[in-house]
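The structure appears right after this line, and notes come after that.
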Amino acid sequence: MSVATATTEIPGKQVTYLNHEKSIKSWLLTLDHKRIGLLYMSTIVVVFLAAGILALLVRIELMSPGRTIVDAQTYNQFFSLHGILMVFLFIVPSVPAILGNFIMPIQLGAIDVAFPRLNLASYYIYMVGGVLVVAAMLLGQIDTGWTFYTPYSSRLGAPIIFMTLAIFIAGFSSILTGINFIVTIHKMRAPGLTWNRLPLFVWSIYATSIVQVLATPVIGITMLLLLLEKTLGIGIFDPALGGDPILFQHFFWFYSHPAVYIMILPAFGIISDLMGTFSRHEVMGYKFVALSSVAIAFLGFLVWGHHMFVSGQSAVSSIVFSLITYLIGIPTGVKVINWVGTMYKGSVSLKTPMLYALSFLFLFSIGGFTGVMLGVLGVDIHLHDTYFVVAHFHYVMMGGTVVALIGGLHYWWPKITGKMYNETAGRIACALIFIGFNVTFFTQFVLGTKGMPRRYYDYQPQYADLHALSTYGSWILAAGLFLVLFTFIHSLMRGAAAPSNPWGGASLEWTHTSSPPSPHNFDEQPIVTHGPYDYHHYYHGDGQSAEAELAPPSKA
Amino acid sequence: MGDKGTFWMPQSASTVSGEVDALFYLTFWISTVIFLMVVGAMAYFVIRYRRRSESEVPVDEHDSRLFEYSTIGLSIVLVLIVFTWGFKVYLKLNVAPPGAYEVQVTASQWKWDYTYPDGTVYAGDLHVPANRPVRLVMNSMDVLHSFFVPQFRIKQDVVPNRYTSVWFEASVTDTFDVFCTEYCGNQHSGMLGKVIAHPQEEFDLWLSEAGGGDLSPEEYGERLFGQNNCNTCHSIDGTRIVGPSMQGLFGSQRQFASGESAVADENYLLNSIVAPAAQVVEGYPPAMPPSYGSLPQDQLNALVAYIKSVQ
Ligand SMILES: [Cu+2]
Ligand SMILES: [Cu+2]
Chain C
1 MSVATATTEI
11 PGKQVTYLNH
21 EKSIKSWLLT
31 LDHKRIGLLY
41 MSTIVVVFLA
51 AGILALLVRI
61 ELMSPGRTIV
71 DAQTYNQFFS
81 LHGILMVFLF
91 IVPSVPAILG
101 NFIMPIQLGA
111 IDVAFPRLNL
121 ASYYIYMVGG
131 VLVVAAMLLG
141 QIDTGWTFYT
151 PYSSRLGAPI
161 IFMTLAIFIA
171 GFSSILTGIN
181 FIVTIHKMRA
191 PGLTWNRLPL
201 FVWSIYATSI
211 VQVLATPVIG
221 ITMLLLLLEK
231 TLGIGIFDPA
241 LGGDPILFQH
251 FFWFYSHPAV
261 YIMILPAFGI
271 ISDLMGTFSR
281 HEVMGYKFVA
291 LSSVAIAFLG
301 FLVWGHHMFV
311 SGQSAVSSIV
321 FSLITYLIGI
331 PTGVKVINWV
341 GTMYKGSVSL
351 KTPMLYALSF
361 LFLFSIGGFT
371 GVMLGVLGVD
381 IHLHDTYFVV
391 AHFHYVMMGG
401 TVVALIGGLH
411 YWWPKITGKM
421 YNETAGRIAC
431 ALIFIGFNVT
441 FFTQFVLGTK
451 GMPRRYYDYQ
461 PQYADLHALS
471 TYGSWILAAG
481 LFLVLFTFIH
491 SLMRGAAAPS
501 NPWGGASLEW
511 THTSSPPSPH
521 NFDEQPIVTH
531 GPYDYHHYYH
541 GDGQSAEAEL
551 APPSKA
Chain B
1001 MGDKGTFWMP
1011 QSASTVSGEV
1021 DALFYLTFWI
1031 STVIFLMVVG
1041 AMAYFVIRYR
1051 RRSESEVPVD
1061 EHDSRLFEYS
1071 TIGLSIVLVL
1081 IVFTWGFKVY
1091 LKLNVAPPGA
1101 YEVQVTASQW
1111 KWDYTYPDGT
1121 VYAGDLHVPA
1131 NRPVRLVMNS
1141 MDVLHSFFVP
1151 QFRIKQDVVP
1161 NRYTSVWFEA
1171 SVTDTFDVFC
1181 TEYCGNQHSG
1191 MLGKVIAHPQ
1201 EEFDLWLSEA
1211 GGGDLSPEEY
1221 GERLFGQNNC
1231 NTCHSIDGTR
1241 IVGPSMQGLF
1251 GSQRQFASGE
1261 SAVADENYLL
1271 NSIVAPAAQV
1281 VEGYPPAMPP
1291 SYGSLPQDQL
1301 NALVAYIKSV
1311 Q
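Going line by line, the protein sequences match chains C and B. So that you can map any letter, position 112 of the first sequence is 112 in this note's numbering, and since no number is skipped, the others follow by simple counting. So that you can map any letter, position 78 of the second sequence is 1078 in this note's numbering, and since no number is skipped, the others follow by simple counting.
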């Protein structure tokens, strides 16, 4: 079954992107999209660990009312740092920077992204932004939450400007990656790889890149305005200078709502690929799933006001924003139905990545439905800024994106590392994450409807039981996540060698490259003759075995 | 009064809360039914179409367009129903009936002040007549805050330099929680209060005595100490919270961060309340908000009298 191994064999050892050059410099200054993907992966894992530990500390503090381990000031900084790290340095870059970088060019049949140097530059810009963010946090004792609402934030003065500047810089990394990916997808597709044959993961990265390029500048403008206000005393956001604090919220959410789609769209792509491969069945409604990502990307710019129903914005705007929010919900819902429908008359295999995909469908649906509930004007008034919102976005961001990311990492792990992981450990970890996640966050829905406000250091005794339960859940969740880490490390050290196509995938990274791929991905230019989920072609193409694919086909 | 609410919602105690709950449960049940259908289909497919042999490759079915379009159509209809209903409830929540009783709310880090039509300023808790629409006209002295009463299902941000308003009509006489739900700094979670809904006559009586009535200055001061949330930072039993304890403060020698020192007499106590940043006690952060400077003189006097009495 393996395709490319035969050609790249040198006695005893295969030349791969991992071993063809070994110096530290060859890693740090690499232009290879695969190695850059791994650089991102190592950094992003560290960020996730740090922000995750902060989350555990926040939960421990909330285990009982009053002081548990830290004082109010420290707690406020903990949850702020948790949010800022998770949003700006973890989840926004996560899927595009790791898997987008590594997998997307291979799925296109390209040897690299369009601008490899720019790609490396993006990584270092991200690093600079990241270091500045952490410096701003530690020096400035920022306790504004990740939303930086004025005028509270503008009173902090210098640290907040430093912080927005840092986020602006990190944002540039996002913009450059976006441009790079858009050009790559337009220009570097293999012969025969029409838009209708693009894997859905590529489609979703494409939609994400559009949002990255269009939305990220807005956070830069916001930063600039804050800076002008602080240095020149022009009143923009600070009412003490005649500014309008609500204007800041408009700016902030004009970026941050689309940013929500930067965070979730790539996850949609992963899930599409997983559902296809592990059902061995064409993804239902391919065109719809592909184009709805792009539609969501554009519509996502028109709903920012749903974060501001009680801010004092006009009732008319609230009503319009509410309506558009619903309309976005519909394509999203239909996608979920399509993913479930993909299994219909398929051949469903419950390997670890598929378990994550099914967990995603479960958790993300809850996140989606509660999102629609929050969009209902009369109900949102009660639920706004309570734990219901906290639970909702964790279901979408963690139950959605993070679960999809971990599923995707398991799926492409053999390709990336050339090693298999322990299937049993993988499944147990997935179960722990699923259970722990629900215990942690489902309880928070109830806390929220009962009126528990978010960002509270201390709380009334009637919320104590649910808070304690949520904290216990977070430990199960953490155990699951550490087991994932352990499984991967174990695989690196002890894992069996992976075949080039362990799951029977039908897109190019499985059919036309070895595991791990050679430095230039392909030994010769692949030519695409069928869709990404055409498992028939893969297994029975031209009535022969899959090897027939390598040679330019006589006829499709 | 015995109403403890449903599984999801807290006690329902205003004229609109029932409608909000009905809307909540409508969306909740629609969502739950669809969700169970999705998960059910998922479970069924996983079992029914599980892979039986490694080499099996099922025949691709072509998608049913009809199915796709009918789900889209159905969801649009559902969504429009829920939207319209939500919109109606929202209008109700937004527009106060004419002739509502108006109370001015001033939010500041980290307390609520209420000014009644007769000029009475009362801090901490909001007393209102039940079964009568009450409209709150709100304004912040410093940063954003948000006024939230879960049992009434109302919430509104409070913004500096701009009035926002919210209204409610308490349908039962009882005591309810007020939370600040917009992050406003260190003591955000201590920015609490109560709404106390009285029968009309009881309310009138309360209002006539709200200015301290015939309480002694110490008793009035003790009440104000709680109402103004001084007790979230200062204990009266010697324990350290955010600021120093009030126990035995009067007459003691104070050491300041600037290196100076002074004896805590009446003037010192007064100055510490109205201008806390002027003399910061050594070993403590300058965390006391400056907003107490605007308290009426009689209330300041009562607070000083009370602190003197805490021995
Ligand atoms: Cu949004
Ligand atoms: Cu607050």
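By construction, the Cβ of each residue, glycine as well, lies at the ideal position given by its N, Cα and C atoms.
Asked: Would you mind giving the Cβ-Cβ distance between valine 202 of chain C and leucine 108 of chain C, rounded to the nearest angstrom? I have them listed as a contact below 8 Å.; Found: 7 Å
Asked: State the start and end residues of the unbroken alpha helix (DSSP H) segment that holds tryptophan 412 of chain C.; Found: 403-417
Asked: Could you tell me whether the segment 398-408 of chain C touches the segment 253-270 of chain C, using the rule of 3 or more Cβ pairs below 8 Å?; Found: yes
Asked: Could you confirm whether any beta carbon from chain C is found closer than 7 Å to the beta carbon of glycine 1002 of chain B?; Found: Low confidence applies here, because glycine 1002 of chain B scores a pLDDT of 42, under 50, leaving its location unreliable; read the following figure in that light. No, glycine 1002 of chain B lies away from the interface with chain C (no Cβ there is under 7 Å from its Cβ).
Asked: For the pair the segment 385-393 of chain C and the segment 1043-1057 of chain B, tell me if three or more CB-CB distances fall below 8 Å.; Found: no
Asked: Is there a C-beta anywhere in chain B that falls below 7 Å from the one on methionine 343 of chain C?; Found: yes
Asked: Taking 7 Å as the CB-CB cut-off, is proline 519 of chain C touching chain B?; Found: no
Asked: State whether the segment 519-533 of chain C contacts the segment 502-511 of chain C, with contact taken as three or more CB pairs (one from each stretch) at a distance under 8 Å.; Found: yes
Asked: Closer than 7 Å by beta-carbon distance: list the chain B residues that pair up with arginine 427 of chain C, in chain order.; Found: Going along chain B, no residue has its Cβ under 7 Å from arginine 427 of chain C, so there is no contact; the nearest lies around 14 Å.
Asked: Would you mind working out which of C:Gly312, C:Leu156 and C:Met373 sits nearest threonine 1027 of chain B, comparing C-alpha positions?; Found: C:Met373
Asked: Under 7 Å, Cβ to Cβ, is there at least one residue of chain B near lysine 577 of chain C?; Found: Nothing about residue 577 of chain C can be reported from this structure: the residues present for chain C run from 1 to 556 only.
Asked: Quick check: what's the CA-CA separation for alanine 50 of chain C versus proline 245 of chain C?; Found: 32 Å
Asked: Between which residues of its own chain and histidine 392 of chain C is the CB-CB distance below 7 Å, once the five residues before and five after are set aside?; Found: Gly367, Thr370, Gly371 and Leu374
Asked: Could you tell me the boundaries of the alpha helix (DSSP H) in which glutamate 1102 of chain B lies?; Found: Run containing glutamate 1102 of chain B: none in the alpha helix (DSSP H); it sits in the beta strand (DSSP E), 1101-1108.
Asked: Any residue with its Cβ nearer than 6 Å to a heavy atom of ligand 2 should be included. What is that list in chain order?; Found: B:His1145, B:Cys1180, B:Glu1182, B:Tyr1183, B:Cys1184, B:His1188 and B:Met1191
Asked: Note down, in chain order, every chain C residue with its Cβ under 8 Å from the Cβ of threonine 1015 of chain B.; Found: Per Cβ cutoff of 8 Å: no residues; threonine 1015 of chain B is ~13 Å from chain C at best.
Asked: Taking valine 390 of chain C as the reference, give the member of C:Ile416, C:Pro159 and C:Met452 with the closest Cα.; Found: C:Met452
Asked: Please name the residue or residues paired with methionine 1138 of chain B in a DSSP beta bridge.; Found: B:Val1105 and B:Thr1164
Asked: Are at least three pairs of beta-carbons, each pair with one atom in the segment 1131-1147 of chain B and one in the segment 211-223 of chain C, less than 8 Å apart?; Found: no
Asked: Could you tell me which residues DSSP puts in a beta bridge with lysine 1155 of chain B?; Found: B:Phe1148
Asked: Using a Cβ-Cβ cut-off of 7 Å, state whether aspartate 273 of chain C counts as contacting chain B.; Found: no
Asked: Should valine 1079 of chain B be flagged as near chain C, meaning a C-beta pair shorter than 7 Å?; Found: yes
Asked: Buried or exposed for glutamate 1222 of chain B, please, with buried defined as at least 16 other CB atoms from any protein chain shown within 10 angstroms of its CB.; Found: buried
Asked: For proline 1010 of chain B, which option in C:Asn422, C:Cys430, C:Tyr17 and C:His382 has the closest C-alpha, if you only look at C-alpha atoms?; Found: C:His382
Asked: Under 6 Å: does the beta carbon of asparagine 196 of chain C sit that close to some heavy atom of ligand 4?; Found: Of the ligands one can find in the structure shown, namely ligand 1 and ligand 2, none is ligand 4.
Asked: Flag valine 340 of chain C as yes if its beta-carbon sits less than 7 Å from any beta-carbon of chain B, otherwise no.; Found: yes
Asked: Using a cut-off of 8 Å between C-beta atoms, extract the partners of leucine 323 of chain C located in chain B.; Found: Phe1083
Asked: Counting beta carbon pairs with one atom in the segment 422-433 of chain C and one in the segment 473-489 of chain C, are three or more of them shorter than 8 Å?; Found: yes
Asked: For the alpha helix (DSSP H) holding arginine 1065 of chain B, just list the boundary residues, first then last.; Found: 1065-1094
Asked: Would DSSP call alanine 497 of chain C helix, strand or coil?; Found: strand
Asked: For histidine 1234 of chain B, list the residues DSSP reports as bridge partners.; Found: B:Arg1240
Asked: Look at threonine 440 of chain C and serine 474 of chain C and say whether their C-beta atoms are less than 7 Å apart.; Found: yes
Asked: What distance in whole Å lies between the Cβ atoms of threonine 342 of chain C and serine 279 of chain C, which are believed to be in contact at a cut-off of 8 Å?; Found: 5 Å
Asked: Quick one: what does DSSP say tryptophan 195 of chain C is sitting in, helix, strand or coil?; Found: helix
Asked: Classify phenylalanine 251 of chain C: buried if its beta carbon has 16 or more other beta carbons within 10 angstroms, exposed otherwise.; Found: buried
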